[in-house]
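Data block below; observations after.
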Amino acid sequence: MRNVLGLFFLTVSSCIAQTQHRLPPMPTTERQALGFIHNPELFPEEKMDFPLAAGPFAPTWQSIDAQYPGQPDWWREGKFGIFIHWGPQAAGESGDWYARRLYEEGTEPYQNHLKRFGHPSEFGYKDVLHQWNPTNWNPAALVQAYKDAGFRYALVVGVHHDNYDLWNSQYHPWNSVRVGPKKDFLALWKKELQKQGLRFGVAFHHEYTWWWWQDAFGADKNGPKAGVPYDGSLTLADGKGKWWEGLDPRLLYGISIRYDSLVHNGKPFTIPTIAFGNQGVFGNHLTYARWYATQWALRIQDVIDQYDPDFIYTDGNSTQPFSGYKSGSGYRSDAGARIVADFYNKGSRGKKLDKLSIVKFIPTNRGAGRTFEGSYPAGIKTDQPWMADMAVGDWFYQPDFYYDAGMVIRALLEYVSRDGNLTLCVSLTPSGGMDAGSARMLKAIGAWMRINGEGIYGSHAWKEYGEGEWVKDPKNPDKPAKLRKLPGGKLGKRHAEFQFSTKDFRFTRGKDGSIYAYGMTVPKQEEVLTIQSLGTKAGLLKQPIRAVELLGSTQKLRWVQTEAGLQITYPKGLSLEHVVGFRIR
Numbered sequence: 001m002r003n004v005l006g007l008f009f010l011t012v013s014s015c016i017a018q019t020q021h022r023l024p025p026m027p028t029t030e031r032q033a034l035g036f037i038h039n040p041e042l043f044p045e046e047k048m049d050f051p052l053a054a055g056p057f058a059p060t061w062q063s064i065d066a067q068y069p070g071q072p073d074w075w076r077e078g079k080f081g082i083f084i085h086w087g088p089q090a091a092g093e094s095g096d097w098y099a100r101r102l103y104e105e106g107t108e109p110y111q112n113h114l115k116r117f118g119h120p121s122e123f124g125y126k127d128v129l130h131q132w133n134p135t136n137w138n139p140a141a142l143v144q145a146y147k148d149a150g151f152r153y154a155l156v157v158g159v160h161h162d163n164y165d166l167w168n169s170q171y172h173p174w175n176s177v178r179v180g181p182k183k184d185f186l187a188l189w190k191k192e193l194q195k196q197g198l199r200f201g202v203a204f205h206h207e208y209t210w211w212w213w214q215d216a217f218g219a220d221k222n223g224p225k226a227g228v229p230y231d232g233s234l235t236l237a238d239g240k241g242k243w244w245e246g247l248d249p250r251l252l253y254g255i256s257i258r259y260d261s262l263v264h265n266g267k268p269f270t271i272p273t274i275a276f277g278n279q280g281v282f283g284n285h286l287t288y289a290r291w292y293a294t295q296w297a298l299r300i301q302d303v304i305d306q307y308d309p310d311f312i313y314t315d316g317n318s319t320q321p322f323s324g325y326k327s328g329s330g331y332r333s334d335a336g337a338r339i340v341a342d343f344y345n346k347g348s349r350g351k352k353l354d355k356l357s358i359v360k361f362i363p364t365n366r367g368a369g370r371t372f373e374g375s376y377p378a379g380i381k382t383d384q385p386w387m388a389d390m391a392v393g394d395w396f397y398q399p400d401f402y403y404d405a406g407m408v409i410r411a412l413l414e415y416v417s418r419d420g421n422l423t424l425c426v427s428l429t430p431s432g433g434m435d436a437g438s439a440r441m442l443k444a445i446g447a448w449m450r451i452n453g454e455g456i457y458g459s460h461a462w463k464e465y466g467e468g469e470w471v472k473d474p475k476n477p478d479k480p481a482k483l484r485k486l487p488g489g490k491l492g493k494r495h496a497e498f499q500f501s502t503k504d505f506r507f508t509r510g511k512d513g514s515i516y517a518y519g520m521t522v523p524k525q526e527e528v529l530t531i532q533s534l535g536t537k538a539g540l541l542k543q544p545i546r547a548v549e550l551l552g553s554t555q556k557l558r559w560v561q562t563e564a565g566l567q568i569t570y571p572k573g574l575s576l577e578h579v580v581g582f583r584i585r
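Following this line, the structure appears as structure tokens:
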């Protein structure tokens, strides 16, 4: 084990020496633990020692909560962003996690990989990186389309679970400037986003890469290649005379983490056991874990220093990066808090802090936003910045996604009415373009936003987030009924076909103080709508309503405020689509 780790460090050091950066030396001592520690509370949090910028933020979540001045105005103003969740994993046209699943024998990604590239013992993911050449990628045209669609910020994937850095990485040789297209994607994205006035964020998904790749160390169990190792088992020496000579595959795939002698819940222990919904620390690999957590952090710092993003996002688990819990299993350290403190300290130098850090699923913390991936808060949430991250179809491209502007608009309203943002993934093709369905959908969303965006951008939640039909869960008939809402998960046909009625509304409070009521479907001509929350009996308004206007129409509306609700007669002769918005003063 020491020889493997030593070689890891020597290889990294030689790569870094070319850019005059160095990883801190590995610890000379390590606290040993035998086997699998199921409860991370039995593993005291390790304190990391990678550099931390001086400033008011200490590397604790408590300090981050106490010192943070509040979410930036631009984040409140933005409300709607594009998640540019794109990279070489799109090459497999197999949706999310293609890089991992191409090593899972018999799966669709595995079969797609065989057809496109060959067997993963001969042509693995490292070779996908080498041949990836997105010739249709035009960041200027794409960013223009994003702006026209109404997005106000972009969250760009810097590195996904595949451990491939999409920038001129100073700490990791497997990057897009050295391997593959020879492009600094972050620099080029930022350039075009700045031209269009869109804020720029970077997403980091490499926290649990070190166990995510474990299937790459396997082999087929059946067929003519049974027992032939996949390319995850290759070493630096195996590259001699090949295109990847001098590149250590272990810096891409990590190392094989085996627990053959352990039993968990009466079964042999395997890495997928702790992938989601479980917890633990890999006690036999603590030195490597510390090295990995350090490299994880230095790569994020590299992006912060080179590209100065407005916000960062870390994907990982339900508490904090390297927590020992759920997908953060493997190590328990303060690396997450330390990197956020460093980001904020650098952003505070001589000026008001205007940065935001988002940590996937983190509990309430004023200084760290959290996410709701394809799910919804129970109600209005104002105790910390937050966003929904939602994908149309899937997080990486696959043919035959279902595109519909209405489902995206309704999802946006589900979130902004609860006081959040929506950051939407619309997957790009392997060659870096939008397919026809994506382009049509974004144009339709943009047309709607130009009419209705005044109640979205810069808005706050109102006193109620919505009203409409209440339904019981057939699987839990004893539980109270809940307001009907758009289904969660990745957006597709079932969301497009989900039927709201003209009783369903979502509310926001606009920048000008007006209330905006969005009807979740288009009414019939001369249909009388009743918004109960705006009636005098509801007691939610301090003063009587004095004006009601329909966004996108100059017609004078017929309306009356009664005890039962605000009654509006929907006019004739309109061609509004998807959702209708009313401004109430």
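Residue numbering for the sequence shown follows UniProt numbering, starting at 1 and increasing by one per position.
Virtual Cβ for every residue (Gly too), placed ideally from N, Cα, C.
For clarity, every value in this text was computed on a predicted model and none was experimentally measured.
Original post:
Between the beta-carbon of P88 and the beta-carbon of Y103, is there less than 8 Å?
Top reply: What you label residue 88 is simply residue 88 of the sequence shown in a count that begins at 1. What you label residue 103 is simply residue 103 of the sequence shown in a count that begins at 1. Their beta carbons are not under 8 Å apart, which means P88 does not touch Y103 by this criterion.
Original post:
Exposed or buried, which one is K62 when buried takes at least 16 other CB atoms within 10 Å?
Top reply: If you number the sequence shown from 1, residue 62 lands on position 62. Sequence inspection shows Gln at residue 62; the Lys mentioned does not correspond to that position. A residue is called buried when at least 16 other Cβ atoms come within 10 angstroms of its Cβ; Q62 does not meet this threshold and is exposed.
Original post:
Can you tell me whether F423 is buried or exposed, with buried defined as 16 or more other CB within 10 angstroms of its CB?
Top reply: Taking the sequence shown and counting its residues from 1, the one referred to as residue 423 is at position 423. According to the sequence shown, residue 423 is Thr rather than Phe. Under this definition T423 is a buried residue.
Subject >> Per-residue DSSP class, three states only, for P88 >> reply: Position 88 of the sequence shown, counted from the start, is the residue given in the question as residue 88. DSSP places P88 in helix when its eight states are reduced to three.
Original post:
For L391, which residues does DSSP report across the bridge?
Top reply: As a working note, residue 391 is residue 391 in the sequence shown. Per the sequence shown, the amino acid found at residue 391 is Ala instead of Leu. Note: A391 sits in a beta bridge opposite C425.
Original post:
Can the beta-carbon of G78 be found less than 8 Å from the beta-carbon of R178?
Top reply: Locating residue 78 in the sequence shown gives position 78, where the first residue counts as 1. Locating residue 178 in the sequence shown gives position 178, where the first residue counts as 1. No, the Cβ-Cβ distance between G78 and R178 is not below 8 Å.
Original post:
What whole-angstrom Cβ distance do L188 and A154 have, given they're in contact under 8 Å?
Top reply: Counted from its first residue, the sequence shown places residue 188 at position 188. Counted from its first residue, the sequence shown places residue 154 at position 154. Actually they are not in contact, since the Cβ atoms of L188 and A154 sit about 12 Å apart, beyond 8 Å.
Original post:
Going along the chain, which unbroken runs of the alpha helix (DSSP H) with 4 or more residues stay wholly within the stretch 132–208?
Top reply: Runs of the alpha helix (DSSP H) inside the stretch 132–208: 139–148 and 185–195.
**OP:** Figure out for me which residue from Q279, D315 and P363 has the closest Cα to the Cα of E41.
**Re:** By one-based count along the sequence shown, residue 41 stands at place 41. Closest by alpha carbon: Q279.
Original post:
CA-CA distance, H578 and N133?
Top reply: Position 578 of the sequence shown, counted from the start, is the residue given in the question as residue 578. Position 133 of the sequence shown, counted from the start, is the residue given in the question as residue 133. It is roughly 38 Å from the alpha-carbon of H578 to the alpha-carbon of N133.
Original post:
How many Å lie between S357 and Q398 at the Cα?
Top reply: On the sequence shown, residue 357 is found 357 positions in, with the first residue counted as 1. On the sequence shown, residue 398 is found 398 positions in, with the first residue counted as 1. Each residue's CA atom was taken as its position, placing S357 and Q398 some 30 Å apart.
Subject >> Contacting residues, own chain, Cβ-Cβ under 6 Å from K217 (five flanking each side not counted) >> reply: In the sequence shown, counting from the first residue as 1, residue 217 sits at position 217. In the sequence under discussion, the amino acid at residue 217 is Phe, which differs from the Lys named in the question. Excluding sequence positions up to five before and after F217, its CB lies within less than 6 Å of the CB of G232, S233 and S256, all in the same chain and listed in chain order.
Original post:
For L566 versus L534, is the C-beta distance shorter than 8 Å?
Top reply: Taking the sequence shown and counting its residues from 1, one reaches residue 566 at position 566. Taking the sequence shown and counting its residues from 1, one reaches residue 534 at position 534. In terms of Cβ geometry, L566 and L534 form a close pair [threshold 8 Å].
**OP:** Determine the closest residue to A481 out of Y402, G455, K472 and K267, with distance taken between C-alpha atoms.
**Re:** Looking up residue 481 in the sequence shown gives position 481. Closest in alpha carbon position to A481, among Y402, G455, K472 and K267, is K472.
Original post:
Among the residues of its own chain, which have a CB less than 6 Å from the CB of T209, if the five just before and after it don't count?
Top reply: Here residue 209 corresponds to residue number 209 of the sequence shown, with the count starting at 1. These residues qualify, in order along the chain: H161 and N163.
Subject >> CA nearest to the CA of V528, picked from N138, G552, G489 and Y570 >> reply: Numbered from its first residue, the sequence shown carries residue 528 at position 528. Comparing Cα-Cα distances from V528 to each of N138, G552, G489 and Y570, the minimum goes to Y570.
Original post:
For the putative contact between R484 and G468, defined by C-beta atoms under 8 Å, what is the C-beta separation to the nearest angstrom?
Top reply: Within the sequence shown, the letter at position 484 stands for residue 484. Within the sequence shown, the letter at position 468 stands for residue 468. That belief holds up - the Cβ atoms of R484 and G468 are roughly 6 Å apart, short of 8 Å.
**OP:** Locate the beta strand (DSSP E) running through E373, then write down its first and last residues.
**Re:** For this step, residue 373 is matched to residue 373 along the sequence shown. For E373, the enclosing beta strand (DSSP E) starts and ends at R370 to E373.
**OP:** With V528 as the anchor, note down where its alpha helix (DSSP H) starts and where it stops.
**Re:** Position 528 of the sequence shown, counting from 1, holds the residue named residue 528. Under the DSSP assignment, V528 falls outside any alpha helix (DSSP H), being part of the beta strand (DSSP E) whose first and last residues are V528 to I531.
Original post:
DSSP beta-bridge partners for V548?
Top reply: Taking the first residue of the sequence shown as 1, we reach residue 548 at position 548. Note: V548 sits in a beta bridge opposite I584.
Original post:
Going by the CB atoms, is the gap between T294 and V359 shorter than 8 Å?
Top reply: Sequence index remark: in the sequence shown, residue 359 carries index 359 (1-based). Sequence index remark: in the sequence shown, residue 294 carries index 294 (1-based). No; because the gap between Cβ atoms is not below 8 Å, this pair is not in contact.
Original post:
Under three-state DSSP, which class holds W119?
Top reply: Mapped onto the sequence shown, residue 119 falls at position 119. Note on residue identity: the sequence assigns His, not Trp, to residue 119. Of the three classes helix, strand and coil, the one that applies to H119 here is coil, per DSSP.
Subject >> Where the alpha helix (DSSP H) containing Y403 begins and where it ends >> reply: Taking the sequence shown and counting its residues from 1, the one referred to as residue 403 is at position 403. Note, Y403: premise wrong, no alpha helix (DSSP H); not H, not E.
Subject >> E46 (DSSP reduced to helix, strand or coil) >> reply: Counting from one through the sequence shown, the residue named residue 46 turns up at place 46. Assigned with DSSP and collapsed to three states, E46 falls in strand.
Subject >> Of the listed residues K511, F507 and G432, nearest to N138 (C-alpha basis) >> reply: Reading the sequence shown from its first residue, position 138 is the one you call residue 138. Nearest to N138 by alpha-carbon distance, out of K511, F507 and G432, is G432.
Original post:
Alpha carbon to alpha carbon, how far is D478 from G420?
Top reply: Taking the sequence shown and counting its residues from 1, the one referred to as residue 478 is at position 478. Taking the sequence shown and counting its residues from 1, the one referred to as residue 420 is at position 420. Using only the alpha carbons, I get a separation of about 30 Å.
Subject >> Supposed close pair T364, D389 - CB separation, criterion 8 Å >> reply: Within the sequence shown, residue 364 is the residue found at index 364, counting from 1. Within the sequence shown, residue 389 is the residue found at index 389, counting from 1. No, T364 and D389 are not in contact; Cβ-Cβ is about 18 Å, not under 8 Å.
Subject >> Pairwise C-alpha distance: E108 and W243 >> reply: In the sequence shown, the residue the question calls residue 243 occupies position 243. In the sequence shown, the residue the question calls residue 108 occupies position 108. W243 and E108 have their C-alpha atoms some 28 Å from each other.
Original post:
Which residues share a DSSP beta bridge with D220?
Top reply: Position 220 of the sequence shown holds residue 220. Beta-bridge pairing links D220 to A226.
**OP:** Classify A517 as helix, strand or coil using the three-state DSSP reduction.
**Re:** Position 517 of the sequence shown, counting from 1, holds the residue named residue 517. A517: strand per DSSP, three-state reduction.
Subject >> H206 vs V156 beta-carbon contact at 8 Å >> reply: Residue mapping note: residue 206 aligns to position 206 of the sequence shown, counting from 1. Residue mapping note: residue 156 aligns to position 156 of the sequence shown, counting from 1. Contact: no.
Subject >> Whole-angstrom C-beta distance between Y402 and A496, which should lie under 8 Å >> reply: For the purposes of this step, residue 496 is identified with residue 496 of the sequence shown, where counting begins at 1. For the purposes of this step, residue 402 is identified with residue 402 of the sequence shown, where counting begins at 1. Yes, they are in contact, since the Cβ atoms of A496 and Y402 sit about 6 Å apart, within 8 Å.
Original post:
Candidates F507, F343 and R332: which alpha carbon is nearest L412's?
Top reply: Position 412 of the sequence shown, counting from 1, holds the residue named residue 412. Out of F507, F343 and R332, F507 has the C-alpha closest to the C-alpha of L412.
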